[in-house]
Amino acid sequence: RGFIKIYAKALEIDPAKPLALYDQEAPRGESAPPIGPDILSKESLTAAPLVSRRKLFFAAALLLAGLFLVFYFHWTPPLPFLPTASSTAPSVGQAEQHTANAPPAGESRPGDSGNADANAPVTAPAAASSSPKAEPQPATQAHNGYTLTATFSAPTWMRVMVDNGPPQEAFYQKGSQHQWRAEERFELLIGNGGGVRLFLNGQPVPFSGATGQGVRLSLP
């Protein structure tokens, strides 16, 4: 019991509970056998106390060890929780994700770009050109060639060359009429300028020529 008190004082706990447990677990003493002459021999007086002391010391040591374990696990306050480095430090994946989500330097965020677009001045569309459209030009009529008509009022000799063909010459009587067709031109040589009238595509061809006077023309 004295050892238990000293040990409890060293642990700074109340010795009452360990002593109560010791009293419950310690073996109760049995009545001593009658003392006879044989028992009071020298060997019995020396061997018996040694055996009982050893047993008592061994039992007390086991009991103290058990009490120490009980008090250590039941009355020792829990240590405060210390956060580990893995729980507080951000993981490498989170750091990379944060870096990827961060906008590059000099680049505006979507909200800022929207405000900038809203505050930007609106440019009016260019006015449509008021110049009048060019009217389509009428298609040029297809060239159908030329028609030369000659009416004679007096006997007249005349030579006609159509385009680049061979010349045609004849002596035409008074009151006769003749026509020629060409793609490009007529070359005329008239022996009596006052005895013939000429029409090109129905229009009269003016020329000066007296009776009996030769005339050279190129039409048109």
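Following the numbering used here, the numbering of the sequence shown begins with -8 at its first residue and continues without gaps. Glycine included, each C-beta is placed from N, C-alpha and C at the ideal position.
Counting C-beta pairs closer than 8 angstroms gives three or more between the segment 134 to 144 and the segment 178 to 192, which meets the contact rule. Within the same chain, and ignoring the five residues on either side of L58 in sequence, the residues whose Cβ sits closer than 7 angstroms to its Cβ are P9 and L12.
A distance below 7 angstroms between beta-carbons, with the five flanking residues on each side excluded, links E16 to the following residues of its chain, in chain order: L54. Under DSSP, the beta-bridge partners assigned to P195 are F190. For A173, the enclosing beta strand (DSSP E) begins and ends at Q168 to A173. Between the C-alpha atoms of M152 and L210 there is a straight-line separation of about 11 angstroms. Annotation: W148 to V196 spans about 18 angstroms, alpha carbon to alpha carbon. Straight through space, the alpha carbons of G182 and V206 are spaced by roughly 7 angstroms.
Between S167 and F143, the C-beta spacing is below 8 angstroms.
Taking a 10 Å sphere around the C-beta of V187, we find 16 or more other C-beta atoms and assign the residue as buried. Burial check for A52: the Cβ neighbour count within 10 Å stays below 16, so the residue is exposed. The residue from A161, R45 and G156 with its alpha-carbon nearest to that of R172 is G156.
Cα atoms of L47 and L2: separation of roughly 23 angstroms, rounded to the nearest angstrom. The residues P6 and P9, in chain order, have a CB closer than 6 angstroms to that of A(-1) in the same chain once the five nearest residues on each side in sequence are set aside.
Counting along the chain, the unbroken beta strand (DSSP E) around E160 starts and ends at Q159 to Y163. Scanning its chain for C-beta atoms nearer than 7 angstroms, with the 5 sequence neighbours on each side dropped, one finds around E174 the residues G136 and D154, in chain order. DSSP places I4 outside both helix and strand once states are collapsed to three, so it counts as coil.
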